[in-house]
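Taking it in order: structure first as structure tokens, then the write-up.
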Amino acid sequence: MVLRQGGFEVHAAGTATEGVRLAEEVSPDVITLDVGLPDFDGFEAARRIRLVSDAYIVMLTAQGEEVDTLLGLEAGADDYIVKPFRPRELRARISAMMRRPRGGGGDTTTTPAAGIPAAPDVPEAAVDADEPVQPVQPAAVATTTVVPPAPTTEATPDDEVLRHNGLELDEGTRHVTVDGEPVDLTRTEFDLLASILASGGRVRTKGDLVRDIRSGSYAVASSTEPEERAVEVHLGNLRRKLHDDPREARWIQTVRGVGYRLAPPRG
15 MVLRQGGFEV
25 HAAGTATEGV
35 RLAEEVSPDV
45 ITLDVGLPDF
55 DGFEAARRIR
65 LVSDAYIVML
75 TAQGEEVDTL
85 LGLEAGADDY
95 IVKPFRPREL
105 RARISAMMRR
115 PRGGGGDTTT
125 TPAAGIPAAP
135 DVPEAAVDAD
145 EPVQPVQPAA
155 VATTTVVPPA
165 PTTEATPDDE
175 VLRHNGLELD
185 EGTRHVTVDG
195 EPVDLTRTEF
205 DLLASILASG
215 GRVRTKGDLV
225 RDIRSGSYAV
235 ASSTEPEERA
245 VEVHLGNLRR
255 KLHDDPREAR
265 WIQTVRGVGY
275 RLAPPRG
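Numbers in the working numbering are just positions in the sequence shown, counted from 1, shifted up by 14.
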């Protein structure tokens, strides 16, 4: 109901299997996942969805331990919200994610799903933005915005391409190559790499990087410990994909006790 009031068309699924199917068939913009699904858990659902969809994934769960947050992010989720949560927080986080370019290219125009039964109608009432929301049952919900996407252009100015030590990052197309070979990154990994490349060698603290990936209305002056741990996890995954050994960093250099910076150029 919160998402419908925000202008989304909502497709509900009661199982992880159905949620993965909807993710592939509906081509949603945003997917919310509960960890406690009846057939298999939301972590595995997120991993399977990532194979067929580039949608933003938000995990909504009562499991608030730090390890659960990290498992969700490692499985492919873009955000992790612990229940009970307030509608205002959910809307702010989704709005911030939607302002970041989607990782995939191509036409983002949405179309109705064929052959998918509509979710059962439920009575809707006004939602207080400050009242906690506690879903009554686990569900995977694929949502497709009904707002037409902004027009895009295929032209990519050269100043949108960041280059360093054989790596090229194109902010226009969101493509990354290393020595001419493409590297497949998640949205968050791409945003973190872009932030470090654009820093010009300045040290970026974990808090700086949290704020960079939590853009827009959700940006706050401080960061939480789970958010900073999540940045560490994403950077670890990013380094593995780039084959960047932190002991002899080619791109991402750790400044112990402070943060990260761009490694010096190689001759």
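For glycine and all other residues, C-beta sits at the position ideal for the given N, C-alpha and C.
For this session: With DSSP as the reference, please indicate the residues paired to Ile266 in a beta bridge.
Result: Leu276
For this session: Alpha carbon to alpha carbon, how far is Asp48 from Glu39? Give it in angstroms, no decimals.
Result: 20 Å
Exercise. Could you give the C-beta distance for Leu207 and Leu223, rounded to a whole number, given that I count them as a contact under 8 Å?
Worked result: About 10 Å; that fails the 8 Å criterion.
Exercise. Which whole-angstrom value is the C-beta distance of Leu276 and His178, which I expect to be below 8 Å?
Worked result: 6 Å
Problem set entry | DSSP beta-bridge partners of Arg218 | DSSP lists Tyr274 as partners of Arg218.
Exercise. With DSSP run on the structure shown, which of helix, strand or coil describes Thr187?
Worked result: Coil, per DSSP.
Problem set entry | DSSP-derived helix/strand/coil call for Thr12 | Limits of the chain in this structure are 15 at one end and 281 at the other, which puts residue 12 out of reach.
Problem set entry | Gly100 in three-state terms, based on DSSP | The amino acid occupying residue 100 in the given sequence is Arg; Gly does not appear at that position. Residue state, collapsed to three classes: coil.
Exercise. Sorted by chain position, which residues of the same chain lie with C-beta nearer than 8 Å to Gly90's C-beta, five sequence neighbours on each side aside?
Worked result: Ala60, Arg61, Ile63, Arg64, Ile71 and Thr200
Problem set entry | Ala27 to Arg261 span [Cα, whole Å] | 45 Å
Problem set entry | Nonlocal neighbours in the same chain, by C-beta distance under 7 Å from Gly180, ignoring five residues either side | Val192 and Asp193
Exercise. Grouping DSSP H, G and I as helix and E and B as strand, with all else coil, what is His283?
Worked result: In the structure as shown, the chain starts at 15 and stops at 281, and residue 283 therefore has no counterpart that could be examined.
Exercise. So, Ala69 versus Leu51, is the Cβ gap smaller than 8 Å?
Worked result: no
Exercise. Taking just the CA atoms, how far does Arg280 sit from Gly56?
Worked result: 43 Å
Exercise. From Val217 to Val24, what distance separates their C-alpha atoms?
Worked result: 42 Å
For this session: Measure the C-alpha to C-alpha separation of Thr75 and Ile95 and round it to an integer number of angstroms.
Result: Straight-line Cα distance between these residues: approximately 7 Å.
For this session: Could you tell me which of Glu174, Asp93 and Glu195 sits nearest to Gly186, measuring between CA atoms?
Result: Glu174
Exercise. Contact check, Gly20 vs Arg113 under 8 Å by CB: the rounded distance?
Worked result: Not a contact, Cβ separation roughly 14 Å.
Problem set entry | When Val81, Gly86 and Ser41 are compared against Glu58, the one with the closest alpha-carbon | Its Cα nearest to that of Glu58, the residue Gly86 stands out among Val81, Gly86 and Ser41.
For this session: Return the chain-ordered list of same chain residues with a C-beta closer than 8 Å to the C-beta of Phe204, the five sequence neighbours on each side being excluded.
Result: The residues are Gly117, Leu183, Arg188 and Val190.
Problem set entry | Asp92 in three-state terms, based on DSSP | Asp92 falls in the coil class under three-state DSSP.
Exercise. What number of angstroms, rounded off, separates the C-alpha of Asp82 from the C-alpha of Glu195?
Worked result: 33 Å
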